[in-house]
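Colleague: Residue numbers (the numbering used here), protein chains in the order written: chain A, 1 to 226; chain B, 1 to 226; chain C, 1 to 226; chain D, 1 to 226; chain E, 1 to 226; chain F, 1 to 226. Note that the Cβ used here is the ideal one computed from N, Cα and C, for glycine as well. Here you go, one structure.
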């Protein structure tokens with residue numbers, strides 16, 4: 001059960017499916033009204049990929065491609081804030097300082113990306129670290145981290161608990177599957193240096209989020225800072 | 001032929017078709033490099049409608065729905081600026097004052113929407129007025145304004161030239177078709193008070209834009225301020 | 001009686017008469033301290049007209065003339081905030097997003113105009129819509145909307161209640177007097193789309209404001225969204 | 001003759017008289033188009049005094065009274081920029097950093113006040129110092145600094161040239177008249193530390209400004225940094 | 001005993017000694033948690049002097065030298081805010097308006113300098129005046145204001161209480177020692193016009209601060225507004 | 001010889017030694033006036049370490065420690081801009097968008113850090129990528145990258161040229177010395193994805209910088225994108 005404030009990272013995937021998005025919005029509101037304080041970080045999803053592909057074909061540089069992805073993730077943040085406008089800070093912060101100010105208002109803060117060259121996973125960890133939060137809930141569309149891709153490898157083993165250091169090593173040696181969209185070494189190194197625990201939750205079924213936050217159930221993989 | 005700086009309003013339609021968008025980008029660059037100075041105003045298109053529909057179903061207020069549309073139009077502006085990054089101001093202005101500052105740099109400025117409660121057509125006219133431009137080229141996906149919907153009414157008459165006052169009256173009495181997405185009374189009243197001429201150009205074929213700007217050919221409808 | 005938060009639109013007229021202004025300030029404070037939450041939108045008044053006239057003679061464009069009017073309305077907002085500094089947000093917001101942030105502080109927020117091309121009546125409706133307020137109190141220097149100008153036409157009829165749609169039609173056909181400075185079609189169309197009720201209150205006598213807000217008495221004309 | 005960039009301080013007095021203002025605007029434009037680069041700092045004049053008086057009666061604190069004066073001086077700056085919009089930076093900077101950015105655009109920059117607790121004379125000197133200008137032209141409504149008030153004292157002596165140090169001493173001992181609205185010790189101490197020369201020019205007759213800048217004639221009092 | 005909100009001016013001196021700084025931080029937190037509301041204004045200290053000296057040798061203008069000092073004082077403010085991050089507003093305001101907004105959050109606000117040409121003592125008074133505070137506690141590294149330098153003059157007399165007017169006169173005639181780093185005429189004139197009392201407290205021993213704020217003991221010199 | 005615009009990364013080390021700093025400033029100015037366009041990114045140096053240590057002892061979180069380092073690097077940027085104020089953009093940008101705007105002015109732009117969680121090396125690469133620069137000159141206080149620490153290992157081999165991929169691998173396996181302060185995997189991954197070449201230049205002797213930029217001589221290690 002999470003009693004302290006946490007970051008909820010919602011992958012862009014959630015914005016590709018209208019029903020899934022509305023379910024998530026409903027559950028976030030339920031958690032909020034039950035007193036669970038959080039900041040939501042939204043990804044860009046397939047829309048970001050579509051726009052980035054167009055710009056890449058036209059020769060845009062990588063930094064601007066990232067800017068486009070950020071712009072989509074912020075659009076997603078605004079969409080969610082609009083749906084939750086009775087509890088949300090409807091102005092979307094665009095950096096850590098604005099996020100701090102929004103957080104002081106006591107409203108539900110929702111942010112997208114901040115800057116080229118970093119994933120929204122990294123944004124989630126940076127916000128947690130800046131505000132002193134110790135928990136990041138990664139609402140993903142997989143059920144856990146595996147030792148290899150379970151779709152391919154019959155020996156793939158589901159990982160229940162792993163340290164950030166071990167996971168960084170596994171990512172480097174590419175012996176771990178399914179984390180590409182979830183976590184990158186930079187995000188993990190921030191978790192490590194600031195003792196932040198990351199929980200991978202399978203949000204294909206949104207109720208997992210509620211049962212995890214309220215009762216501590218159904219975590220896929222717990223990534224511990226040590 | 002347009003020798004003075006002008007506003008190029010690109011409907012969101014152009015962003016629904018990748019090939020059309022890249023063609024437009026190429027032609028804008030060609031015009032710019034030929035010395036035609038302009039500011040581009042982009043719309044939101046079908047993506048804006050999709051996102052707005054999701055938020056509307058979830059009960060978001062009209063102001064936030066407009067904010068979502070603005071966010072999409074600004075995403076479109078950033079996409080176009082990324083494609084044209086060698087000539088464009090890649091930071092997208094979000095109000096008239098920022099647009100002025102961007103314009104002083106001598107780079108191609110691209111903006112989306114500014115504020116809830118106004119169309120991108122109105123933004124196009126507001127920018128023209130603020131900077132003292134006298135021409136707005138409305139790059140549309142129809143060939144002209146008609147007296148009624150030509151798809152329905154065999155007596156529909158294509159209008160080559162009309163004054164803003166007459167068009168405002170026609171819009172009020174709903175005897176004119178095809179302008180809904182193009183122009184609204186507020187945009188027209190700004191054109192009128194500041195003597196700005198609006199040119200409807202059929203950009204389904206992007207070359208129309210070039211032949212209009214370079215040679216004054218192929219205007220669909222000219223809306224004159226008096 | 002107004003129990004929900006509302007917008008109080010103060011015409012610039014109130015700033016032309018020092019005694020009237022101080023009376024209004026006193027009553028706003030009384031209402032605020034009685035728990036009536038509101039955002040005040042101030043107009044430009046005769047000072048705006050004087051400054052605009054000078055710039056017009058010198059050939060300034062309409063957009064800059066509007067900017068001058070906005071600057072005066074913001075000066076008026078600052079004057080009122082200074083008088084009410086123990087309850088007011090003394091930094092004057094200049095757009096919807098800043099207004100939202102100021103509103104989250106729990107202080108009395110006072111704004112002037114935002115952008116060229118829109119009246120302060122429109123600003124009042126835009127702020128109401130953005131924040132989800134359903135009531136705009138238009139503190140005017142007439143007692144009601146009439147079917148024609150009562151100073152000229154002995155058959156002029158005072159309107160107690162009218163829908164936004166009907167009023168828009170009357171404004172278009174120019175059969176209604178006295179609304180020119182109060183309301184414009186754009187403001188009314190926002191009221192309509194977002195179900196906001198507008199109350200015309202005669203504030204030449206400031207106590208009307210208090211009796212209206214506290215007891216629901218003395219409304220001049222009620223403009224209903226449907 | 002002034003060949004280097006200079007600050008032109010226009011007292012708020014110039015904004016109390018429409019004809020005088022338009023004359024000044026015409027001459028500033030003439031100087032600018034002749035290649036004389038300058039930044040204009042505008043005061044608040046009688047309008048500032050009127051607004052400040054209202055707020056003072058209502059008990060506003062001194063800081064907010066100054067804020068009101070700043071707001072009026074910025075309104076005056078916008079009025080002048082609107083009149084000169086073909087050469088001016090129509091967005092009015094509100095601090096030194098924004099003034100620097102505006103100056104890099106090559107347009108005529110016009111500012112009002114910046115911050116409570118400082119006169120527009122001080123703003124003029126601060127801008128000069130920040131940008132490395134060595135000349136401040138104080139366009140006043142008196143012809144020179146005098147040893148005492150010439151309207152009262154038949155022995156009053158007109159001062160043609162004085163050092164900042166001497167003038168500071170005279171101001172402290174109150175043996176000098178007519179500088180109250182012109183200069184204060186803080187402004188003079190900045191002139192002194194940064195070797196900036198201040199020229200008092202009688203702008204009741206605007207041509208004095210042109211003959212001073214173009215030919216070095218008609219300076220009332222020259223205040224030298226040493 | 002100070003029950004109302006006050007400004008705590010910490011001289012840059014406190015940042016030259018790590019132990020002293022941490023003691024101050026601890027005591028500020030203790031006072032804050034006891035319900036004493038304050039805004040802290042930090043100076044630049046010896047680090048500011050070192051950086052300014054380098055730039056001065058290289059010919060930087062006085063305004064930029066001041067900017068460097070401001071930058072150091074803001075760095076010091078951030079250092080203190082980081083140490084006190086559980087109660088502090090960790091985003092450092094850079095002008096009066098941002099300070100107001102930070103103050104509305106209810107957190108401990110810490111600021112450095114604002115603008116070239118003014119001391120941090122002046123900033124302390126400007127913030128007090130803007131927010132309506134009536135007390136400035138000047139946490140200094142001397143025990144009081146003296147009639148002359150007690151290290152040099154055996155007849156130096158310690159001043160327990162003095163009015164701002166008298167102190168301004170003494171500063172002008174240079175008959176008072178030890179105030180150079182504490183107070184300047186501009187800061188004092190703001191105290192005078194807004195009836196703000198300044199308390200010089202010897203913070204070489206940090207407990208003096210606590211005994212002064214909690215019990216009204218150990219003030220060195222009280223500078224009264226009249 | 002570098003003819004295209006480049007990033008000059010100055011380690012904080014240069015700010016620890018006044019003479020070295022002034023030499024660098026002189027040479028940067030010489031290069032600039034010879035037509036070599038660049039953006040300078042400054043580090044924090046020993047001052048950053050000192051301040052961070054104080055905050056760390058007091059328990060500040062890692063994000064705020066990084067913020068303190070950024071604040072020092074920005075102070076260093078301002079110091080350098082003040083020394084070079086006749087060619088520099090004296091307002092220091094704090095993110096990529098502000099850097100773009102500053103760059104459009106044609107002045108020498110100097111930036112420090114941007115955001116917690118990233119090194120100034122990463123900032124250097126991010127700015128290069130955003131603006132489309134293809135060269136980063138890393139002005140370091142070592143002469144090259146070595147296979148191991150030459151002070152310890154007699155078999156240490158100096159590396160003249162290495163690819164970003166190889167260097168990332170070496171960094172991971174810790175078989176390379178002396179890069180800790182220079183480069184991190186994130187910075188290198190940006191260089192790789194955007195084909196940016198990094199040149200390690202020994203700036204303990206500042207003339208190396210000039211001979212490298214003007215004649216292509218004296219590069220320590222060249223890190224190629226492929």
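Helix, strand or coil, according to DSSP, for residue 17/D in the structure here?
Modeller: Residue state, collapsed to three classes: coil.
Colleague: For residue 82/E, count the other beta carbons within 10 Å of its own beta carbon; 16 or more makes it buried, fewer makes it exposed. Which is it?
Modeller: So residue 82/E ends up on the buried side.
Colleague: Do three or more CB pairs link the stretch 193-202 of chain B to the stretch 87-107 of chain C at distances below 8 Å?
Modeller: Verdict: no, contact absent.
Colleague: Would a check of beta-carbon distances place residue 107/E closer than 8 Å to chain A?
Modeller: Judged by the 8 Å Cβ criterion, residue 107/E is in contact with chain A.
Colleague: Threshold first: 3 residues or longer. Then list the beta strand (DSSP E) segments lying entirely within the stretch 141-199 of chain D, N to C.
Modeller: Within the stretch 141-199 of chain D, the complete beta strand (DSSP E) runs of at least 3 residues are 161-163.
Colleague: At the level of alpha carbons, what is the spacing between residue 18/A and residue 59/B?
Modeller: So the two alpha carbons sit approximately 14 Å from each other.
Colleague: Using a Cβ-Cβ distance under 8 Å, would residue 51/C count as near chain B?
Modeller: No, residue 51/C lies away from the interface with chain B (no Cβ there is under 8 Å from its Cβ).
Colleague: Beta-carbon separation of residue 213/B and residue 2/B under 8 Å?
Modeller: Result yes, Cβ atoms of residue 213/B and residue 2/B sit closer than 8 Å.
Colleague: Please list the terminal residues of the continuous beta strand (DSSP E) segment that includes residue 100/A.
Modeller: Here residue 100/A belongs to no beta strand (DSSP E); instead the alpha helix (DSSP H) covers 96-103.
Colleague: In the DSSP output, what is residue 8/E paired with across the bridge?
Modeller: DSSP, once it has assigned bridges, lists 40/E and 137/E as partnering residue 8/E.
Colleague: Give me the Cα-Cα distance between residue 145/B and residue 114/C, rounded to the nearest whole angstrom.
Modeller: Taking the straight line from one Cα to the other gives about 32 Å.
Colleague: Tell me the DSSP secondary structure of residue 202/B in three-state form.
Modeller: Here residue 202/B sits in strand by DSSP.
Colleague: Any contact of the stretch 24-40 of chain C with the stretch 154-163 of chain C, i.e. 3+ C-beta pairs under 8 Å?
Modeller: Result no; under three Cβ-Cβ pairs closer than 8 Å.
Colleague: Would a check of beta-carbon distances place residue 90/E closer than 8 Å to chain A?
Modeller: Answer yes: the Cβ-Cβ gap between residue 90/E and chain A drops below 8 Å somewhere.
Colleague: Which first and last residues belong to the beta strand (DSSP E) in which residue 220/D is found?
Modeller: Unbroken beta strand (DSSP E) run through residue 220/D: 219-224.
Colleague: Round the Cβ separation of residue 111/C and residue 127/C to the nearest angstrom and send it over; I've been treating them as touching at under 8 Å.
Modeller: At roughly 7 Å, the Cβ-Cβ gap stays under 8 Å, so residue 111/C and residue 127/C are in contact.
Colleague: In the structure shown, what three-state DSSP assignment does residue 2/A receive?
Modeller: In this structure, residue 2/A counts as coil in the three-state DSSP scheme.
Colleague: Can you check which of these residues, 226/F, 124/F and 133/F, is closest to residue 167/F by C-alpha distance?
Modeller: Among 226/F, 124/F and 133/F, the Cα nearest to that of residue 167/F is on 226/F.
Colleague: Are there any heavy atoms of the ligand ADP lying less than 7 Å away from the beta-carbon of residue 104/B, as far as the coordinates show?
Modeller: Ligands are entirely absent from the displayed structure, and the ligand ADP is therefore not among its contents.
Colleague: Would you please state the rounded distance, in angstroms, between the beta carbons of residue 63/E and residue 116/E? I believe it to be under 8 Å.
Modeller: Indeed they touch by this definition, with Cβ atoms about 4 Å apart.
Colleague: Closest to residue 70/B by CA distance: which of 65/A, 67/A and 79/A is it?
Modeller: Cα-wise, what sits closest to residue 70/B is 79/A.
Colleague: Chain E partners of residue 131/F, CB-CB under 7 Å?
Modeller: Within chain E, no residue comes near residue 131/F; the closest Cβ sits about 25 Å away, beyond 7 Å.
Colleague: Within the 8 Å Cβ cut-off, does residue 39/F reach chain E?
Modeller: So, not an interface residue.
Colleague: Using the C-alpha atoms, what's the distance from residue 94/B back to residue 172/A?
Modeller: If you take the alpha carbons of residue 172/A and residue 94/B, they lie about 41 Å apart.
Colleague: Please list the terminal residues of the continuous alpha helix (DSSP H) segment that includes residue 91/A.
Modeller: Taken as a continuous stretch (DSSP letters only), residue 91/A belongs to no alpha helix (DSSP H), as it is neither H nor E.
Colleague: Give a yes or no on whether the minimum CB-CB distance between residue 100/A and chain E is below 8 Å.
Modeller: At least one chain E Cβ lies under 8 Å of residue 100/A.
Colleague: Taking the alpha helix (DSSP H) that residue 53/E belongs to, which residues open and close that run?
Modeller: Start and end: 45-57.
Colleague: In the structure shown, what three-state DSSP assignment does residue 131/C receive?
Modeller: Note: residue 131/C maps to helix in three-state DSSP.
Colleague: Start and end of the alpha helix (DSSP H) containing residue 80/F?
Modeller: That run of the alpha helix (DSSP H) goes 62-83.
Colleague: So, is residue 192/F buried or exposed, given that buried needs 16 or more other C-beta atoms within 10 angstroms?
Modeller: Per the 10 Å Cβ criterion, buried.
Colleague: Determine the extent of the alpha helix (DSSP H) in which residue 212/C is found, giving its start and end residues.
Modeller: Taken as a continuous stretch (DSSP letters only), the alpha helix (DSSP H) holding residue 212/C covers 207-215.
Colleague: Does the Cβ-Cβ distance between residue 77/A and residue 107/A come in under 8 Å?
Modeller: Going by C-beta atoms, residue 77/A is not nearer than 8 Å to residue 107/A.
Colleague: Thinking C-beta only, is residue 61/E closer than 8 Å to residue 23/F?
Modeller: Against a cut-off of 8 Å, the Cβ pair of residue 61/E and residue 23/F comes out as no contact.
Colleague: To the nearest angstrom, how far is it from the Cα of residue 218/E to the Cα of residue 52/F?
Modeller: Residue 218/E and residue 52/F: Cα-Cα distance of roughly 33 Å.
Colleague: Does any residue of chain A have a CB that is nearer than 8 Å to the CB of residue 97/C?
Modeller: Output row for residue 97/C: interface = yes.
Colleague: Please classify residue 40/C: is it buried, with 16 or more other beta-carbons within 10 angstroms of its beta-carbon, or exposed?
Modeller: Under this definition residue 40/C is a buried residue.
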